[in-house]
Amino acid sequence: MYTKVINPAKHGKVSFSNTGSCAALVNYLNKENRESQLVDNELFFDQYRNNVTSNEVLHTIDNNHKGLKRNTPKFHSLVIAPTIQELYHIRQSTENMKEYTRAVMEEYARNFNLSNGKQLSSDDLVWFAKLERMRKGELTAGSMHIHIIVSARDKSQSITLNPNINNRNRFNRVQFYMNSERAFDKMFGFKRKESLLMNHQVFRYGSFSEKLSLYQENLKHREIKNAIHNIVGIFQGLDYGNEQDNSRKRKRGR
Numbered sequence: 009m010y011t012k013v014i015n016p017a018k019h020g021k022v023s024f025s026n027t028g029s030c031a032a033l034v035n036y037l038n039k040e041n042r043e044s045q046l047v048d049n050e051l052f053f054d055q056y057r058n059n060v061t062s063n064e065v066l067h068t069i070d071n072n073h074k075g076l077k078r079n080t081p082k083f084h085s086l087v088i089a090p091t092i093q094e095l096y097h098i099r100q101s102t103e104n105m106k107e108y109t110r111a112v113m114e115e116y117a118r119n120f121n122l123s124n125g126k127q128l129s130s131d132d133l134v135w136f137a138k139l140e141r142m143r144k145g146e147l148t149a150g151s152m153h154i155h156i157i158v159s160a161r162d163k164s165q166s167i168t169l170n171p172n173i174n175n176r177n178r179f180n181r182v183q184f185y186m187n188s189e190r191a192f193d194k195m196f197g198f199k200r201k202e203s204l205l206m207n208h209q210v211f212r213y214g215s216f217s218e219k220l221s222l223y224q225e226n227l228k229h230r231e232i233k234n235a236i237h238n239i240v241g242i243f244q245g246l247d248y249g250n251e252q253d254n255s256r257k258r259k260r261g262r
């Protein structure tokens, strides 16, 4: 599972610029609709609704930044992109992807640690998401993904929420990505053999203790895998030996 908080300064596209209106991003996310029949248009969705218009998204996000300074982020962008195996597991269901997105936004809210100790939920957020089936203009297996626009202020417009802040005590992106992946596994009973996301995120961004813990866990799994491989080899050797004995007995019997 690939989950990413977009940082406009690093990830380039002008569409993701977030210090002003979200109009450019909303327009960008409507690119598939411009290439499809009206009946096939995919609208935005939020915590409770599946048919939210672009105008509502634009108006709501652009009017939910009371108290923010001129050149500070007014909204943030997230991407959720499942692997082919994960999509096949949920039978490429758009409804399942939307429900999973809602679970991810619950994890997003919980991941903020406020100074007053308040625990946020997705009901405190102002967000909209768009499901897309194409990447780089092509429809391919495993191309279904989700784009999310979430306000930089909570619904009451009294709390600033910045997932790109360089303060893990406020928002830990590594933990958010891993919790989002676990949410998928729990929701859909997905048996993950190995979390490539966890390995990448922890070894790149994790603390020393997180890296050490993951290394020890991977080492344990590797030892178990090697032990199983050795046991299988022993039994295969026994089977081969028995077959050789039986072959010699058959020859003597002739």
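Residues 9 to 262 in our numbering are what the sequence shown spells out, letter by letter. Glycine residues also receive a C-beta, built at the ideal position from the N, C-alpha and C atoms.
Own chain partners of residue i with C-beta closer than 7 Å, once the 5 adjacent residues on each side are dropped
| i | result |
| --- | --- |
| Phe83 | Asn26, Cys30, Ile69, Ile157, Val158, Ser159, Ala160 |
| Phe198 | Glu94, His97, Phe192 |
| Tyr36 | Ser23 |
| Glu102 | The question names Glu, yet the displayed sequence has Thr at residue 102. Cβ neighbours of Thr102 beyond the five flanking positions: Leu139. |
For residue j and residue i, the rounded distance between their alpha carbons
| i | j | result |
| --- | --- | --- |
| Arg200 | Gly75 | 43 Å |
| Pro16 | Leu86 | 11 Å |
| Phe136 | Asp54 | 5 Å |
| Ile239 | Lys21 | Residue confidence for Ile239 is low, a pLDDT of 49 falling below 50, so the modelled location carries little weight; the figure read from the coordinates is stated next. Going by the C-alpha atoms only, they are around 53 Å apart. |
| Ser217 | Val60 | 43 Å |
| Arg57 | Glu50 | 13 Å |
| His73 | Arg99 | 38 Å |
| His19 | Val13 | 10 Å |
| Glu146 | Ser123 | Caution applies to Glu146, whose pLDDT of 46 falls short of 50 and renders its modelled position unreliable; the value that the coordinates give is listed next. Taking the straight line joining both Cα atoms gives about 45 Å. |
| Asn79 | Thr168 | 14 Å |
| Tyr108 | Val134 | 17 Å |
| Met113 | Asp132 | 10 Å |
| Val182 | Met9 | 13 Å |
| Asp288 | Ile92 | Lying before the first or after the last residue shown, residue 288 is absent from the chain, which here runs from 9 to 262. |
| Met105 | Glu64 | 22 Å |
| Asn71 | Gln165 | 10 Å |
| Ser151 | Gly125 | 39 Å |
Own chain partners of residue i with C-beta closer than 8 Å, once the 5 adjacent residues on each side are dropped
| i | result |
| --- | --- |
| Gly28 | Lys82 |
| Glu115 | Phe184, Asn187, Ser188, Ala191 |
| Leu66 | Ser29, Cys30, Ala31, Val34 |
Proximal residues to residue i (C-beta, below 6 Å), its chain only, five neighbours per side dropped
| i | result |
| --- | --- |
| Thr11 | Ile88, Tyr185, Ser188 |
| Lys138 | Leu37, Phe52, His155 |
| Leu128 | Ala117, Phe120 |
Supposed close pair residue i, residue j - CB separation, criterion 8 Å
| i | j | result |
| --- | --- | --- |
| Asn180 | Asn119 | 6 Å |
Inset, instruction - Determine contact between the region 169 to 177 and the region 32 to 43, defined as no fewer than three beta-carbon pairs at a distance below 8 Å. - result: Look at the beta carbons and you see the region 169 to 177 not touching the region 32 to 43: under three pairs across the two are nearer than 8 Å.
Legend entry - Any beta strand (DSSP E) of 3 or more consecutive residues that is wholly inside the region 66 to 106: Assignment of beta strand (DSSP E) within the region 66 to 106, counting only whole runs of 3 or more residues, yields 83 to 89 in chain order.
Inset, instruction - Identify every run of the beta strand (DSSP E) within the region 108 to 164, keeping only runs that are complete inside it and at least 3 residues long; order them along the chain. - result: Whole beta strand (DSSP E) segments, 3+ residues: 135 to 140, 153 to 159.
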